[in-house]
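Each residue of the sequence shown is one higher than the one before, counting from 1 in full-length UniProt numbering.
Reviewing the structure listed below.
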Amino acid sequence: TMSAAEDAEWLRRVRKQFGNIAGERKEINLEEFKSALQMKESFFAERFFALFDSDGSGTISLEELLKALSLLVHGNQTDKLRFLFQVYDVDGRTVGLLGCGSARGVPAVTRRGARSPRAGSGCIDPDELRLVLRWCLRESAIALPEERLADLTWALFEAADKDHSGSITFEELREELEGFPEVMENLTISAASWLKPPPPTERSCRPHYLTRAYWHNHRSKLAFLGGYVGLNLLLFTLAALRHASLGGWLAVARGCGQCLNFNCSFLAVLMLRRCLTWLRGTPIAKVLPLDQHVVLHQLVGYVVLALAAVHTGAHVANFSRLARQDGRHALAEYLLSARPGAGGLGGTASQTGLALQGLLAAMLAFSSPCIRRSGHFEVFYWTHLSYISIWTLLILHGPHFWKWFAVPGCLFVLEKVAGLAWRRAGGLRIVEVNLLPSKVTHLVIERPQFFRYKPGDYVYLNIPAIATYEWHPFTISSAPEQQETLWLHIRSLGQWTNKLYEYFQQPELPSPEPKPLSRSLREKRCRRWAQVGADGAQLLANTGCYIDGPYGTPTRRIFTSEHAVLIGAGIGITPFASILQSIMYRYRWRKQSCPSCHYSWCEDLRDEEMSLRKVDFIWINRDQKHFEWFVSLLTKLEMEQAEQEPGERFLEMHMYMTSALSKNDMKAIGLQMALDLLAAKEQRDSITGLRTRTQPGRPDWSKVFGKVAEEKKGKVQVFFCGSPALAKVIRAHCERFGFRFFKENF
Numbered sequence: 001t002m003s004a005a006e007d008a009e010w011l012r013r014v015r016k017q018f019g020n021i022a023g024e025r026k027e028i029n030l031e032e033f034k035s036a037l038q039m040k041e042s043f044f045a046e047r048f049f050a051l052f053d054s055d056g057s058g059t060i061s062l063e064e065l066l067k068a069l070s071l072l073v074h075g076n077q078t079d080k081l082r083f084l085f086q087v088y089d090v091d092g093r094t095v096g097l098l099g100c101g102s103a104r105g106v107p108a109v110t111r112r113g114a115r116s117p118r119a120g121s122g123c124i125d126p127d128e129l130r131l132v133l134r135w136c137l138r139e140s141a142i143a144l145p146e147e148r149l150a151d152l153t154w155a156l157f158e159a160a161d162k163d164h165s166g167s168i169t170f171e172e173l174r175e176e177l178e179g180f181p182e183v184m185e186n187l188t189i190s191a192a193s194w195l196k197p198p199p200p201t202e203r204s205c206r207p208h209y210l211t212r213a214y215w216h217n218h219r220s221k222l223a224f225l226g227g228y229v230g231l232n233l234l235l236f237t238l239a240a241l242r243h244a245s246l247g248g249w250l251a252v253a254r255g256c257g258q259c260l261n262f263n264c265s266f267l268a269v270l271m272l273r274r275c276l277t278w279l280r281g282t283p284i285a286k287v288l289p290l291d292q293h294v295v296l297h298q299l300v301g302y303v304v305l306a307l308a309a310v311h312t313g314a315h316v317a318n319f320s321r322l323a324r325q326d327g328r329h330a331l332a333e334y335l336l337s338a339r340p341g342a343g344g345l346g347g348t349a350s351q352t353g354l355a356l357q358g359l360l361a362a363m364l365a366f367s368s369p370c371i372r373r374s375g376h377f378e379v380f381y382w383t384h385l386s387y388i389s390i391w392t393l394l395i396l397h398g399p400h401f402w403k404w405f406a407v408p409g410c411l412f413v414l415e416k417v418a419g420l421a422w423r424r425a426g427g428l429r430i431v432e433v434n435l436l437p438s439k440v441t442h443l444v445i446e447r448p449q450f451f452r453y454k455p456g457d458y459v460y461l462n463i464p465a466i467a468t469y470e471w472h473p474f475t476i477s478s479a480p481e482q483q484e485t486l487w488l489h490i491r492s493l494g495q496w497t498n499k500l501y502e503y504f505q506q507p508e509l510p511s512p513e514p515k516p517l518s519r520s521l522r523e524k525r526c527r528r529w530a531q532v533g534a535d536g537a538q539l540l541a542n543t544g545c546y547i548d549g550p551y552g553t554p555t556r557r558i559f560t561s562e563h564a565v566l567i568g569a570g571i572g573i574t575p576f577a578s579i580l581q582s583i584m585y586r587y588r589w590r591k592q593s594c595p596s597c598h599y600s601w602c603e604d605l606r607d608e609e610m611s612l613r614k615v616d617f618i619w620i621n622r623d624q625k626h627f628e629w630f631v632s633l634l635t636k637l638e639m640e641q642a643e644q645e646p647g648e649r650f651l652e653m654h655m656y657m658t659s660a661l662s663k664n665d666m667k668a669i670g671l672q673m674a675l676d677l678l679a680a681k682e683q684r685d686s687i688t689g690l691r692t693r694t695q696p697g698r699p700d701w702s703k704v705f706g707k708v709a710e711e712k713k714g715k716v717q718v719f720f721c722g723s724p725a726l727a728k729v730i731r732a733h734c735e736r737f738g739f740r741f742f743k744e745n746f
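See below:
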């Protein structure tokens with residue numbers, strides 16, 4: 001219930017919103033009402049407008065709006081249910097919201113301009129219910145065939161028509177809704193929410209990064225950064241003190257130079273992907289923030305540029321001092337002329353230093369996200385290759401750099417040679433392509449003979465037909481137990497991925513001579529092109545590609561967790577698809593069956609490589625079509641789990657569709673009730689076809705994680721792959737509940 005202050009604020013906001021829309025007329029018409037509500041479909045806007053317009057004038061005044069919204073926001077459940085009933089009673093006697101008589105539709109003042117109703121109607125018949133449910137589906141962006149709409153209508157009508165009279169009365173609707181307590185608690189309407197003040201946000205007196213939960217969840221990264229800063233300060237101090245007698249500027253330059261020796265070598269260490277992948281399988285992975293190696297690489301890059309600027313500035317200041325003292329040499333001579341004893345190979349320290357400064361600035365400028373993501377990836381790629389020139393110049397510039405660079409440099413060269421050798425061994429063939437809804441390309445690539453990877457790993461992919469020199473990282477969506485092929489699911493979000501999708505839309509593709517394949521793969525190539533369903537195409541083409549990898553990700557920790565919560569948003573399901581398939585294979589291997597009674601059970605899945613007790617998989621999609629990407633995989637997983645009791649299930653799946661209106665929205669209550677009833681009757685969700693019921697709207701993370709905490713299956717670790725904005729929200733909730741949080745990073 002609102003306090004007096006909140007009520008006054010709400011009233012002020014309503015008046016302001018109304019004034020902005022109505023202007024000097026002090027009334028709003030139907031079109032303005034639709035625009036203000038921002039409804040996807042006009043049906044509900046028209047129904048709400050008719051009920052708000054108590055005097056039937058065809059416009060809504062501020063007084064009418066305030067009375068109607070006050071009832072919807074502050075009214076009791078009976079008032080709100082009566083309004084809901086009137087929305088669904090489409091052809092009944094239309095009365096103003098505030099002039100409603102009894103629940104059975106006691107005669108009230110008939111509005112002027114209302115369409116001619118059936119006399120005496122105060123109940124909902126099947127045709128009315130079907131019409132409203134059809135508009136509910138459109139409002140929630142759900143597409144179902146007419147026969148499914150008929151099933152939904154009958155499921156809800158059969159449940160609500162308690163006396164089997166062929167119509168639903170107000171009392172029957174209220175009785176049916178009482179079986180959905182979560183709806184009754186928060187029954188509201190988008191029109192009321194539109195003008196309600198936003199809920200007050202809870203603000204802590206301390207900054208987020210000073211909380212105990214933040215330090216607990218980021219302890220490895222913070223400890224690493226503390227050690228990194230401390231080491232740089234130590235190196236700077238020792239080098240500066242050693243050269244303090246030569247002047248202040250030179251001491252600063254030497255201190256920065258020593259730090260540059262370390263940081264320029266450390267940059268290479270942070271991109272040793274094969275070494276880092278190997279380290280993920282060792283105990284050191286629990287101490288070092290290996291998941292953040294790309295972010296740390298970027299951070300060290302900025303540090304290098306800053307140190308180089310200070311180093312160069314200090315030397316220029318020192319040369320300027322020497323030029324004034326000497327009087328025989330100008331500053332330009334110190335900077336541009338090679339002089340014996342000036343440092344570097346042949347006294348070229350000044351010249352190589354200026355060249356290094358220019359290369360570093362160019363590399364940083366062309367590494368910005370706006371360059372990489374605006375269709376200019378090759379600019380980023382070629383300028384980044386200047387690291388070869390930078391390391392060469394550093395060896396010529398600094399007399400001690402080679403000592404720092406010897407080990408990282410050798411490892412870097414070995415990784416590059418191994419990658420080149422792997423690529424030279426021969427290209428691979430894309431043996432199957434599926435074009436999925438929302439421009440997702442599913443590639444099936446022949447698996448190299450000695451290719452070993454873990455669930456959730458990723459590879460770099462190069463397809464010369466798309467771009468000769470571009471390599472892009474994609475998660476492997478197939479399980480390691482799948483021997484002959486690799487799967488990649490690629491969402492079209494950038495220039496390269498859009499080119500890939502468009503390339504495979506072509507009916508005819510170049511067909512180079514294929515390499516010998518196994519019999520099963522040869523059989524798949526019997527057709528050049530095949531149509532699959534009404535929304536996608538399957539292209540069987542002999543297109544060449546190269547892969548570099550595999551490389552590890554944070555998801556490798558999943559199998560060593562006790563209770564893992566996997567959260568995928570949209571195409572962010574791909575790393576978890578591999579993991580879920582791997583779990584399914586392990587489940588099959590451990591499945592036992594009694595030869596006498598044919599009873600089946602599964603032995604404990606935990607072993608030396610897997611300590612999982614429970615997995616909660618949460619997939620969040622914007623609309624219905626996105627679920628088609630992996631619905632066959634999820635169906636198989638459900639079938640494997642069907643024989644276990646609900647309380648004993650190792651894997652629990654939770655699906656959310658954000659475009660669907662929540663159960664608390666008056667425009668969706670009937671639809672969500674019908675979906676629940678039909679799912680309970682058929683043991684199948686109408687949206688996805690899975691046993692798991694698709695939940696409308698976004699997850700309530702407090703409730704989701706609260707339920708996970710109550711299960712007490714062991715230490716909880718949350719793994720997320722999706723948008724950075726959602727990652728921030730989930731990370732905050734994980735810190736609140738004390739769960740470890742891991743995010744997929746490339």
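We put the CB at the ideal spot given by N, CA and C, even for glycine.
Since the structure is predicted, the reported quantities are computational estimates derived from the model, not experimental observations.
By the 10 Å Cβ neighbour count, where 16 or more other Cβ atoms means buried, how is residue i classified, buried or exposed?
| i | result |
| --- | --- |
| SER265 | buried |
| ASP86 | Just to set this straight, residue 86 is Gln in the shown sequence, not Asp. Label assigned to GLN86: buried. |
| ASN318 | buried |
| THR237 | exposed |
| TRP391 | buried |
| HIS315 | buried |
| MET584 | buried |
| PHE464 | The sequence given here has Pro at residue 464, not Phe. Exposed: under 16 other Cβ atoms inside 10 Å. |
| LYS728 | exposed |
| VAL14 | buried |
| GLN672 | buried |
| LYS80 | buried |
| GLN695 | buried |
| ILE450 | First, the residue type needs correcting, since residue 450 is Phe and not Ile in the sequence shown. With fewer than 16 Cβ atoms within 10 Å of its Cβ, PHE450 is classed as exposed. |
Checking 8 angstroms against the spacing of the C-beta atoms, do residue i and residue j come in under that value?
| i | j | result |
| --- | --- | --- |
| ALA668 | SER582 | no |
| LYS221 | GLN298 | no |
| GLN483 | ARG447 | yes |
| HIS563 | VAL704 | no |
| LEU288 | ALA674 | no |
| GLU735 | TYR214 | yes |
Could you give the distance in angstroms between the alpha-carbon of residue i and the alpha-carbon of residue j?
| i | j | result |
| --- | --- | --- |
| TRP404 | THR468 | 34 angstroms |
| CYS123 | THR211 | 56 angstroms |
| VAL631 | SER140 | 20 angstroms |
| GLY706 | PHE737 | 8 angstroms |
| GLY301 | SER492 | 29 angstroms |
| LEU364 | VAL379 | 12 angstroms |
| residue 775 | ASP623 | Past the edges of the chain, shown from 1 to 746, lies residue 775, and the structure says nothing about it. |
| GLY544 | GLY427 | 6 angstroms |
| LEU356 | LEU393 | 7 angstroms |
| GLU502 | MET271 | 32 angstroms |
| GLY552 | TRP629 | 24 angstroms |
| PRO550 | VAL444 | 16 angstroms |
| THR555 | LEU461 | 20 angstroms |
| LEU726 | ALA50 | 38 angstroms |
| SER61 | MET657 | 36 angstroms |
| ILE687 | GLU481 | 30 angstroms |
| SER167 | ALA160 | 9 angstroms |
| PHE377 | SER35 | 41 angstroms |
Going by DSSP, name the residue or residues bridged to residue i.
| i | result |
| --- | --- |
| SER478 | In DSSP, SER478 forms no bridge with anything. |
| VAL615 | ALA564 and LEU651 |
| PRO473 | TYR460 |
| HIS442 | ASN434 and HIS489 |
| MET657 | ASN621 and PRO696 |
| VAL716 | HIS563 |
| ALA428 | Note that residue 428 corresponds to Leu in the displayed sequence, not to Ala. According to DSSP, which records beta bridges pairwise, LEU428 is partnered with CYS545. |
Under 7 angstroms from any heavy atom of the ligand HEM, does the C-beta of residue i make it?
| i | result |
| --- | --- |
| GLY347 | With respect to the ligand HEM, the structure shown offers nothing to examine, as it has no ligands at all. |
* **Inside the segment 17 to 53 only - alpha helix (DSSP H) runs reaching at least 4 residues** => 30 to 37 and 42 to 52
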